[in-house]
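As structure tokens, the structure follows; a few thoughts come after it.
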Amino acid sequence: MSLQEIVIQQLFNGLLLGSFYGLVALGYSMVYGIIRLLNFAHADIYMVGGFCSLSLLTFFGGTFIGNGWLGIIVSMFITMIIVGLLGVVIERVAYKPLREAPRLSLLISALGVSMILYNSAMVVTSGEYRPYKTGLSYEGFSIGSVFITHTQAILIVAAVILMLILHLFITRTMYGKAMRAISMDRDCCRLMGVNVNKIIALTFFVGTALAASAGMMAGVYYGSLHFYMGFVIGIKAFTAAVIGGIGIIPGAMLGGLMLGLLESFGTQIPFIGSAWKDVFSFIILILILIFKPTGLLGKKESERM
Amino acid sequence: MSEVVLSLKNLETRYGQIYALKGISLDIREGEIVTLLGSNGAGKSTTLKTISSLVPACGGKVEFYGKDITNAPPHSIVEMGVIHVPEGRRIFKELNVTENLELASFTLKDDAERKRRIENVFELFPVLAERRKQMGGLLSGGEQQMLAIGRALMPDPKIVLLDEPSMGLAPIIVQGIMDIIKTINDRGTTILLVEQNAKVALKLADRGYVLETGEIVMEGDADKLSKDDSIVKAYLGH
Numbered sequence: 000m001s002l003q004e005i006v007i008q009q010l011f012n013g014l015l016l017g018s019f020y021g022l023v024a025l026g027y028s029m030v031y032g033i034i035r036l037l038n039f040a041h042a043d044i045y046m047v048g049g050f051c052s053l054s055l056l057t058f059f060g061g062t063f064i065g066n067g068w069l070g071i072i073v074s075m076f077i078t079m080i081i082v083g084l085l086g087v088v089i090e091r092v093a094y095k096p097l098r099e100a101p102r103l104s105l106l107i108s109a110l111g112v113s114m115i116l117y118n119s120a121m122v123v124t125s126g127e128y129r130p131y132k133t134g135l136s137y138e139g140f141s142i143g144s145v146f147i148t149h150t151q152a153i154l155i156v157a158a159v160i161l162m163l164i165l166h167l168f169i170t171r172t173m174y175g176k177a178m179r180a181i182s183m184d185r186d187c188c189r190l191m192g193v194n195v196n197k198i199i200a201l202t203f204f205v206g207t208a209l210a211a212s213a214g215m216m217a218g219v220y221y222g223s224l225h226f227y228m229g230f231v232i233g234i235k236a237f238t239a240a241v242i243g244g245i246g247i248i249p250g251a252m253l254g255g256l257m258l259g260l261l262e263s264f265g266t267q268i269p270f271i272g273s274a275w276k277d278v279f280s281f282i283i284l285i286l287i288l289i290f291k292p293t294g295l296l297g298k299k300e301s302e303r304m
Numbered sequence: 000m001s002e003v004v005l006s007l008k009n010l011e012t013r014y015g016q017i018y019a020l021k022g023i024s025l026d027i028r029e030g031e032i033v034t035l036l037g038s039n040g041a042g043k044s045t046t047l048k049t050i051s052s053l054v055p056a057c058g059g060k061v062e063f064y065g066k067d068i069t070n071a072p073p074h075s076i077v078e079m080g081v082i083h084v085p086e087g088r089r090i091f092k093e094l095n096v097t098e099n100l101e102l103a104s105f106t107l108k109d110d111a112e113r114k115r116r117i118e119n120v121f122e123l124f125p126v127l128a129e130r131r132k133q134m135g136g137l138l139s140g141g142e143q144q145m146l147a148i149g150r151a152l153m154p155d156p157k158i159v160l161l162d163e164p165s166m167g168l169a170p171i172i173v174q175g176i177m178d179i180i181k182t183i184n185d186r187g188t189t190i191l192l193v194e195q196n197a198k199v200a201l202k203l204a205d206r207g208y209v210l211e212t213g214e215i216v217m218e219g220d221a222d223k224l225s226k227d228d229s230i231v232k233a234y235l236g237h
């Protein structure tokens, strides 16, 4: 492969990986922004999203909808709603009663939810890898000797569309503005007539639905699922959220895409190779924490009386 | 006599075991400006927070046009038209001026009406109109106070509870803010004004109450209060 082809190939891999990271990072960041919680269960939601969509897709495979693109789109839509509601239930049961409690209690509750989710998935799947069968073809297009399937290209486009929709939601709608305002001053939002509980629930719904969509995309892309698949991506997405500035929505997208690109290009560094790509991400995390702890898009609080 | 808008009946609030309000009663009538005076820690802010349900009442009642609204969810109290402008203004620093105003009409579903009301606020505060795209955190103290009052007008309030609008502002700016409060009142909005700056507050108000360690120790017409010896000594200097 020529250098140019390597760049194209890695650019593509990086964008794909980065969109998964970004979609999961968004949920981390939104939840952190609004209730200052590192939601450990978020990574497992990604896994649940994968399995939920697989069940739906398998079911639709036997109907007229099929397991091609139509089936995938329908399954993704339903998965996002079901898993989004699961996120709302988790918030209601495990986090809301602890909202005024010390932050550590909330963190432990999140760890508990995470364990419940992945252990349940382990029992249901007997801890085995499950193939993710779709009716998609392996057709694609070539750029030089780089071959890209239509599936891969569409996944990136889908992820970008989801991020754009979220961005418009956050910046243009009253609900989105309320989310941002709650992360700045919750009590003051109450005085503006914002039903804070409702907006927090909505935040969980949106963040969780995005992670679920990423879980489904990962299934389609990698072709298999495992109950522990959320672990590594959870840490990576968290890294992405911190790189971009946790609590800042565009930061999560930027951090995700950057981390994906850095990792895929990192595999091309001589003598390092792909086995070291996780080390690479965490070195970046450490550097960011040392030199710009608020993240790339984070700024210092501006105080003025 | 005009109708009572807001009435506190033997209202009690406590933080932990310590009572911040030990049963206070007051009435505010339609069209009035009533001021609540007192030194630091007397319970002025707590009174407002209890009315808007940010802190729970543990005894007594808050009535709005005769309806019991004690400990109702804060957003429903806003929906009824009781708007609390908190101490320190609490502008959303990373939202711009327009967004701050939009959010203040969260309960309103009609976007065209929202735009119209924002234009009304801009008419009242031309400075804010010039800065409509500026982040709230970059406004000066006086501008932030104007924005805070502007936000209070967005939901079309029946009564506005103002907590220390003069705090941290230069005297000339304070006078401007007081003029605006007067204008709003002239347009028909009832005002409950909490102030440490008793001189300014009594000049503006129709009536006043004096709060000391969670109890009302004096009440009366603003003229009468501003001539009262103990008030002059405690709050007005000289």
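Order-wise, the sequence lines are chains P and G.
Numbering-wise, numbering that gives the first Met the number 0 puts 153 at position 154 of the first sequence, and it's gapless, one number per residue.
Numbering-wise, numbering that gives the first Met the number 0 puts 9 at position 10 of the second sequence, and it's gapless, one number per residue.
The C-beta atom is built at its ideal place from N, Cα and C for all residues, glycine as well.
Proximal residues to A353(P) (C-beta, below 6 Å), its chain only, five neighbours per side dropped: Nothing can be reported for residue 353(P): it is not among the residues displayed for chain P, which extend from 0 to 304.
Chain-ordered neighbours of L102(G) on chain P, where CB pairs are closer than 8 Å: For the C-beta of L102(G), the chain P residues within less than 8 Å are, from N- to C-terminus, M173, K176, A177, A180, C188, M191, V193.
Touch test, the region 65 to 73 of chain G against the region 41 to 54 of chain G, Cβ-Cβ under 8 Å, three pairs minimum: Proximity of the region 65 to 73 of chain G to the region 41 to 54 of chain G meets the contact definition, three or more beta-carbon pairs being nearer than 8 Å.
Close Cβ partners of K202(G) (< 7 Å) along its chain, the five nearest in sequence each way excluded: Taken in chain order, the list of residues that qualify is empty.
7 Å Cβ cut-off: residues of chain P touching R89(G): For R89(G), the residues of chain P that pass the 7 Å Cβ criterion are D184, C187, in the order they occur in the chain.
Neighbour list for F105(G) in chain P, Cβ cutoff strictly below 7 Å: Those within 7 Å of F105(G) in chain P are M173, A177, M191, G192, V193.
For E11(G), the residue or residues it bridges with in DSSP: DSSP lists K21(G), G58(G) as the beta-bridge partner residues of E11(G).
Partners in chain P for E98(G), counting only beta-carbon separations shorter than 7 Å: Ordered by position in chain P, the residues that pass the 7 Å Cβ test against E98(G) are K176.
Under 9 Å by beta carbon: chain P residues contacting L94(G): Neighbours of L94(G) on chain P, chain order: K176, R179, A180, M183.
Backbone secondary structure at T189(G) - three-state DSSP: The answer is strand: DSSP assigns T189(G) an E or B state.
C-alpha distance - C188(P) paired with E93(G), whole-angstrom precision: C188(P) and E93(G) have their alpha carbons spaced roughly 14 Å apart.
Residues of the region 51 to 81 of chain G whose Cβ lies closer than 9 Å to any Cβ of chain P, in chain order: Of all residues in the region 51 to 81 of chain G, only S51, S52, L53, P72, P73, H74, S75, I76, V77, E78 place a beta-carbon less than 9 Å from a beta-carbon of chain P.
Separation of A147(G) from L35(G), as counted between CA atoms: Between the alpha carbons of L35(G) and A147(G) lies a gap of roughly 19 Å.
Selected residue, minimal CA-CA separation from F237(P), among I283(P), S273(P), A177(P), A157(P): If you compare the alpha carbons of I283(P), S273(P), A177(P), A157(P) with that of F237(P), the shortest gap goes to I283(P).
Own chain residues within Cβ distance below 7 Å of S165(G), not counting five before or after: Around S165(G), the same chain offers V173, I176, E194, N196, V199 as residues with beta carbons nearer than 7 Å, after the five sequence neighbours per side are excluded.
Straight-line Cα distance separating F63(P) from F264(P): F264(P) and F63(P) have their C-alpha atoms spaced approximately 42 Å apart.
Contact belief for A158(P) with L102(G) at Cβ below 8 Å, rounded distance in angstroms: Contact between A158(P) and L102(G) fails: their C-beta atoms lie close to 30 Å from each other, not under 8 Å.
Best match in S223(P), S125(P), F270(P) for proximity to S52(P) [C-alpha to C-alpha]: For S52(P), the nearest C-alpha among the options comes from S223(P).
Neighbourhood of E4(P) by C-beta, 7 Å cutoff - its chain only, sequence neighbours within 5 removed: Taken in chain order, the residues that qualify are G143, S144, V145.
Beta-carbon gap between G48(P) and G206(P) smaller than 8 Å: No; because the gap between Cβ atoms is not below 8 Å, this pair is not in contact.
Chain P contacts from the region 153 to 168 of chain G (Cβ-Cβ distance under 8 Å): Here the close residues are P154, G167.
Cutoff 8 Å: R150(G) Cβ touching any chain P Cβ: With its beta carbon less than 8 Å from one in chain P, R150(G) belongs to the interface.
Where M217(G) falls: helix, strand or coil (DSSP): When secondary structure is reduced to three states using DSSP, M217(G) falls in the strand class.
M134(G) (DSSP reduced to helix, strand or coil): Correct three-state label for M134(G): strand.
Nearest-angstrom beta carbon gap, G244(P) and G294(P) [assumed within contact, 8 Å]: In this structure G294(P) touches G244(P) by the C-beta definition: roughly 3 Å separates them, less than 8 Å.
Within-8 Å CB hit, P125(G) to chain P: Judged by the 8 Å Cβ criterion, P125(G) is not in contact with chain P.
Distance between G219(G) and F168(P) (C-alpha atoms, nearest Å): One C-alpha to the other measures close to 51 Å.
Three-state secondary structure (DSSP) of M304(P): Summary for M304(P): the model assigns pLDDT 36, below 50, so the residue's position carries little reliability; its value from the coordinates is reported in the next sentence. In the structure shown, M304(P) falls within a coil segment according to DSSP collapsed to helix, strand and coil.
Whether M173(P) touches F105(G) by CB criterion (8 Å): Yes, these two residues count as a Cβ contact at 8 Å.
Interface flag, P170(G) vs chain P, CB-CB below 8 Å: Interface flag for P170(G) against chain P is unset, since no Cβ pair is found closer than 8 Å.
Contact the region 117 to 134 of chain G vs the region 156 to 164 of chain G: 3+ CB pairs below 8 Å: Output reads no: the region 156 to 164 of chain G does not touch the region 117 to 134 of chain G.
Nearest-angstrom Cα separation, counted from M252(P) out to L288(P): Looking at the backbone, the Cα of L288(P) and that of M252(P) are separated by about 18 Å.
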